[in-house]
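Here is the structure we will look at, set down as structure tokens.
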Amino acid sequence: MRAFTYTRAAEAETAVGALSQNAEAKLIGGGTNLVDLMRENVERPNEVVDINRLPFSQIEELPDGSLRLGALARNSHTANHPLVRERYPVLAQALLSAASPQLRNLATNGGNLLQRTRCYYFYDVTAPCNKREPGSGCGALGGYNRIHAILGTSEQCIATHPSDMAVALAALDAVVQVQGPSGPRSIPIGEFHRLPGDTPEIDTNLRHDELITAIDLPALPVARNSIYLKVRDRPSFAFALVSVAGALALADSHIRAVRLALGGVAHKPWRAHRAEEILTGAPASAEVFRRAAEAELQAAVGYEYNAFKIELATRSLVRALTTLTERHFA
Amino acid sequence: MSFTIKQILTGDLPRLGQAPPLAADPYLIPVSLRVNGQEHQLRLEPRVSLLDALREFIGLTGTKKGCNQGACGACTVLVDGERVNSCLTFAVMHEGRDITTIEGLGEPEDLHPLQAAFIEHDGFQCGYCTPGQICSAVAMLREVAQGDASFVSADLTAPAVELTDVEMRERMSGNICRCGAYVGIMNAIREVYEQQLTGPRA
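As they're listed, the protein sequences go chains A and B. Start counting at 1 in the first sequence, then tack on 164, and there's your number in this note's numbering. Start counting at 1 in the second sequence, then tack on 502, and there's your number in this note's numbering.
This is the structure in structure tokens:
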């Protein structure tokens with residue numbers, strides 16, 4: 165691991181200032197991903213700014229009924245907050261499905277959004293990777309690409325975003341609150357992460373000198389009937405091959421409101437807008453669910469080892485919708 | 503050199519001694535760590551993990567290094583009562599926190615109920631993952647007592663959880679045992695869980 169200088173930020177301005185002055189500086193929250201990447205020499209900051217003492221650990225209801233999740237609240241605390249469990253079960257489940265209890269106790273909400281891909285070629289500094297080393301090529305395209313993306317890929321990168329939390333946030337229309345040198349701004353979750361395009365080295369639209377302070381969840385009644393379905397190689401402590409964050413409200417057997425997002429399929433959490441359009445107002449039936457899911461996956465492209473994800477994602481969408489419909493009538 | 507089971511379970515092993523200082527280094531900074539109630543004044547590079555600080559600088563070798571990447575749970579310790587992977591966090595970040603390792607849970611002559619239960623139920627074979635398993639289980643039982651949900655909890659709005667086998671497996675999935683002593687581990691934890699439900703030890 166490259167040696168670095170360590171400072172502890174007492175105020176957000178200090179942290180932002182350190183980033184502004186040093187392009188190689190990194191913030192550390194839980195560190196569960198950053199420390200690992202530093203040990204592998206994938207991340208090589210020469211300065212690490214500890215932000216754990218900043219006052220962003222609260223989870224509080226705002227006057228407009230939305231819920232503000234502090235960027236430094238731990239994933240475990242967020243999952244078990246009574247209002248998260250009651251109003252946004254999809255988020256509680258997504259958080260609880262991720263990693264292990266020990267990791268969730270360290271991992272912060274802000275850091276969760278900034279996780280790097282778990283693509284093996286990204287982690288292996290001897291392999292080509294356009295994300296780690298722009299212009300070096302992509303080891304995954306012609307390599308072992310079982311865990312890779314099927315939607316929104318580019319010739320440069322077929323990595324997936326590893327977060328479960330972010331998939332739930334995409335379905336919930338969360339808003340990321342950030343602070344930079346010129347003050348605060350808000351980034352809708354759908355615009356936070358990026359598709360790889362020709363710049364796969366840039367994961368998000370957060371600028372280098374910005375700090376995440378909170379994630380806001382809008383008041384969303386449909387989220388009370390919501391689910392996080394995660395399909396993986398073993399039933400615990402594994403990343404998703406495919407996941408679905410879904411919320412559903414019915415009126416007279418017709419779909420009044422629906423939210424769907426897919427994980428494990430793209431470089432960002434994939435909000436299933438096409439499926440939602442087809443479903444909204446339609447009868448809640450297996451045939452409609454299948455048609456909507458197929459429409460969402462119509463543009464999907466499979467590679468040598470991950471083509472199975474297209475049908476897996478389709479069926480996972482159908483299963484999530486079926487489960488939510490059963491719960492509605494239960 | 504051979505050790506007794508109680509020594510392995512409580513981390514009561516010969517000290518390796520202080521690691522040699524990393525030469526005169528501009529990156530060395532003073533760090534004060536409170537481990538098992540005792541303050542330790544160290545000078546560390548900030549890249550020293552909490553795990554390495556415990557083992558190599560303080561000499562508490564009960565906590566084990568398995569994968570060193572957060573996947574196996576052998577390095578599990580308690581920070582302010584919560585279980586964490588000590589390999590994935592820098593020691594310098596933990597100034598002022600209360601750190602508890604396997605050595606802080608019980609002594610060979612005064613075992614923690616979980617340490618005693620692991621012996622009683624053969625909750626190990628080689629013993630390498632055991633300190634992490636026990637630290638993890640201590641925190642896990644507290645999480646259950648305070649009603650924390652898990653991914654397999656059917657009802658997220660229920661205020662209380664029952665520690666079924668399915669719940670226990672999910673909640674202990676951050677600790678791997680390559681000897682496969684899971685049946686004994688489960689039985690040991692269950693015994694203490696049931697003691698806590700009915701017995702005087704809350």
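Note that CB positions come from ideal geometry on N, CA and C, so glycine has one too.
Residue i by DSSP, collapsed to three states: which one?
{"i": "glutamine 185(A)", "result": "helix"}
{"i": "tyrosine 287(A)", "result": "helix"}
{"i": "histidine 596(B)", "result": "helix"}
{"i": "glutamate 611(B)", "result": "coil"}
{"i": "arginine 692(B)", "result": "helix"}
{"i": "alanine 525(B)", "result": "Because alanine 525(B) sits at a pLDDT of 49, beneath the cut-off of 50, its placement in the model cannot be relied upon, and the following sentence gives the value as read from the coordinates. DSSP places alanine 525(B) in coil when its eight states are reduced to three."}
{"i": "histidine 325(A)", "result": "coil"}
{"i": "serine 300(A)", "result": "coil"}
{"i": "isoleucine 560(B)", "result": "coil"}
{"i": "serine 655(B)", "result": "coil"}
{"i": "glutamine 697(B)", "result": "helix"}
{"i": "isoleucine 223(A)", "result": "strand"}
{"i": "lysine 566(B)", "result": "coil"}
{"i": "glutamate 605(B)", "result": "helix"}
{"i": "glutamine 341(A)", "result": "strand"}
{"i": "alanine 174(A)", "result": "coil"}
{"i": "threonine 486(A)", "result": "helix"}
{"i": "valine 213(A)", "result": "strand"}
{"i": "valine 465(A)", "result": "coil"}
{"i": "glycine 676(B)", "result": "coil"}
{"i": "glutamine 540(B)", "result": "strand"}
{"i": "glutamate 584(B)", "result": "strand"}
{"i": "alanine 179(A)", "result": "helix"}
{"i": "serine 638(B)", "result": "helix"}
{"i": "leucine 535(B)", "result": "strand"}
{"i": "valine 668(B)", "result": "helix"}
{"i": "valine 206(A)", "result": "coil"}
{"i": "threonine 578(B)", "result": "strand"}
{"i": "alanine 494(A)", "result": "coil"}
{"i": "threonine 368(A)", "result": "strand"}
{"i": "arginine 703(B)", "result": "Here arginine 703(B) scores only 49 on pLDDT, less than 50, and its place in the model should not be relied on; the value that follows carries that caveat. Residue state, collapsed to three classes: coil."}
{"i": "glycine 347(A)", "result": "strand"}
Indicate whether residue i and residue j have their beta-carbon atoms separated by less than 8 Å.
{"i": "leucine 233(A)", "j": "leucine 426(A)", "result": "no"}
{"i": "glutamine 266(A)", "j": "glycine 676(B)", "result": "yes"}
{"i": "arginine 152(A)", "j": "arginine 217(A)", "result": "Residue 152(A) lies beyond the range of chain A shown here (165 to 494); nothing can be said about it."}
{"i": "arginine 420(A)", "j": "alanine 411(A)", "result": "no"}
{"i": "leucine 556(B)", "j": "threonine 603(B)", "result": "yes"}
{"i": "valine 654(B)", "j": "valine 668(B)", "result": "yes"}
{"i": "glutamate 547(B)", "j": "leucine 535(B)", "result": "no"}
{"i": "phenylalanine 220(A)", "j": "alanine 243(A)", "result": "no"}
{"i": "asparagine 210(A)", "j": "arginine 166(A)", "result": "yes"}
{"i": "histidine 418(A)", "j": "alanine 446(A)", "result": "yes"}
{"i": "leucine 553(B)", "j": "cysteine 589(B)", "result": "yes"}
{"i": "glycine 195(A)", "j": "leucine 270(A)", "result": "yes"}
{"i": "alanine 304(A)", "j": "tyrosine 287(A)", "result": "no"}
{"i": "asparagine 309(A)", "j": "proline 364(A)", "result": "no"}
{"i": "valine 254(A)", "j": "alanine 409(A)", "result": "yes"}
{"i": "alanine 448(A)", "j": "threonine 489(A)", "result": "yes"}
{"i": "proline 633(B)", "j": "glycine 564(B)", "result": "yes"}
{"i": "histidine 439(A)", "j": "alanine 456(A)", "result": "The question names histidine, yet the displayed sequence has alanine at residue 439(A). The answer is yes: Cβ separation under 8 Å."}
{"i": "arginine 585(B)", "j": "cysteine 631(B)", "result": "no"}
{"i": "valine 395(A)", "j": "leucine 476(A)", "result": "yes"}
Measuring from the CB of residue i, is there a heavy atom of the ligand FMN at a distance below 7 Å?
{"i": "asparagine 273(A)", "result": "What this structure holds is no ligand at all, so the ligand FMN is not there to describe."}
Does the contact criterion of 3 or more C-beta pairs under 8 Å hold for the segment 354-362 of chain A versus the segment 313-320 of chain A? yes
In chain order, each beta strand (DSSP E) run of at least 3 residues that lies wholly inside the segment 417-454 of chain A: 418-427
Does the structure place the segment 182-195 of chain A close enough to the segment 254-262 of chain A that three or more beta carbon pairs sit under 8 Å? As far as the Cβ criterion goes, the segment 254-262 of chain A does not touch the segment 182-195 of chain A, which means the pair count is below three.
Taking the runs of the alpha helix (DSSP H) that are 4 residues or longer, which of them lie wholly in the segment 254-298 of chain A? 265-270, 273-277, 284-287
When you compare the segment 279-288 of chain A with the segment 317-331 of chain A, are there three or more beta-carbon pairs, one atom per stretch, that lie closer than 8 Å? yes
Below 7 Å between beta carbons is the criterion; list the residues of the segment 584-605 of chain B that meet it against any residue of chain A, in chain order. Glu584, Arg585, Val586, Asn587, Leu590, Thr591, Phe592, Val594, Met595
Got a sec: which bits of the segment 246-265 of chain A sit with their beta carbon under 7 Å from any beta carbon on chain B, in order along the chain? Arg249, Glu250, Pro253, Ala256, Gln257, Leu260, Ser261, Ser264, Pro265
Could you run through the segment 675-701 of chain B and flag, in chain order, every residue whose CB is less than 7 Å away from some CB of chain A? Ser675, Gly676
Chain B contacts from the segment 208-229 of chain A (Cβ-Cβ distance under 8 Å): Answer set for the segment 208-229 of chain A: Val212, Asp214, Asn216.
Any contact of the segment 391-401 of chain A with the segment 464-471 of chain A, i.e. 3+ C-beta pairs under 8 Å? no
Under 8 Å (Cβ pairs) to chain A, residues found in the segment 615-638 of chain B: Ser638
Mind the definition here: the segment 643-651 of chain B touches the segment 590-600 of chain B only if three or more C-beta pairs lie below 8 Å; say whether that holds. no
Residues within the segment 191-208 of chain A neighbouring chain B, beta-carbon criterion of under 8 Å: Of all residues in the segment 191-208 of chain A, the ones placed with a Cβ closer than 8 Å to any Cβ belonging to chain B are Ile192, Gly194, Gly195, Thr196, Val199, Asp200, Met202, Arg203, in chain order.
Short of 7 Å Cβ to Cβ, which residues in the segment 397-427 of chain A face chain B? Ser400, Phe401
For the 8 Å Cβ check, are there 3 or more pairs between the segment 329-336 of chain A and the segment 367-377 of chain A? no
Short of 8 Å Cβ to Cβ, which residues in the segment 534-562 of chain B face chain A? Those would be Glu547, Pro548, Arg549, Ser551, in chain order.
According to a CB-to-CB cut-off of less than 7 Å, which residues of the segment 298-328 of chain A neighbour chain B? none
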